[in-house]
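What follows is a single structure, written as structure tokens, with notes after it.
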């Protein structure tokens, strides 16, 4: 019998965010809407492909690199691995992966440091679920 391999994604985070994941207060990880993260996280909005948002924002990113939108929600990673220097890794189930504006997700303006980390107008949000022991 063939077993299906579970897709994982690794997030290297600063210690302050690692501690928030570890104590359960941080539930989302934001990454810039760039080809690297689009290819890894495969954000998918079933109600909108490939029109609207995808046509305007995602497809140009993929076309720039000669890629095509050939996946769906089933292709997304299912487990998030959180790491920080000199800390044990943490694993969590992923509840969802979607695209939004960073300030909407955060409920506030981004900090100057945050703007350096996410210089794009949109970001990919990974919603973290229960911790895997």
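In this note's numbering, the protein residues as written are 145 to 277. All residues carry an ideal CB built from backbone N, CA and C; glycine is no exception. None of these values were measured; they are calculated from a predicted model.
- Two segments are said to touch when three or more pairs of C-beta atoms, one from each, lie closer than 8 Å; by this definition the stretch 234–242 touches the stretch 267–276.
- Judged by DSSP secondary structure, residue 159 falls outside any beta strand (DSSP E) and instead within the alpha helix (DSSP H) spanning 159–166.
- Burial state of residue 154 is exposed, judged by a 10 Å Cβ sphere holding fewer than 16 other Cβ atoms.
- Just so you know, the alpha carbons of residue 225 and residue 277 end up roughly 12 Å apart.
- When DSSP reads this structure, residue 244 sits in a beta bridge with 267.
- Under the DSSP assignment, residue 223 falls in the beta strand (DSSP E) whose first and last residues are 223–227.
- Annotated three-state conformation of residue 179 is helix, per DSSP.
- The beta carbon of residue 166 sits closer than 7 Å to those of 234, all from its chain and outside the five residues before and after it, given in chain order.
- Under the DSSP assignment, residue 152 falls in the beta strand (DSSP E) whose first and last residues are 152–156.
- Residue 258: member of the alpha helix (DSSP H) spanning 256–261, first to last residue.
- Contact check for residue 151 and residue 221: beta-carbon distance about 4 Å, within the 8 Å limit, so the pair qualifies.
- If you compare the alpha carbons of 252, 244, 251 and 255 with that of residue 176, the shortest gap goes to 244.
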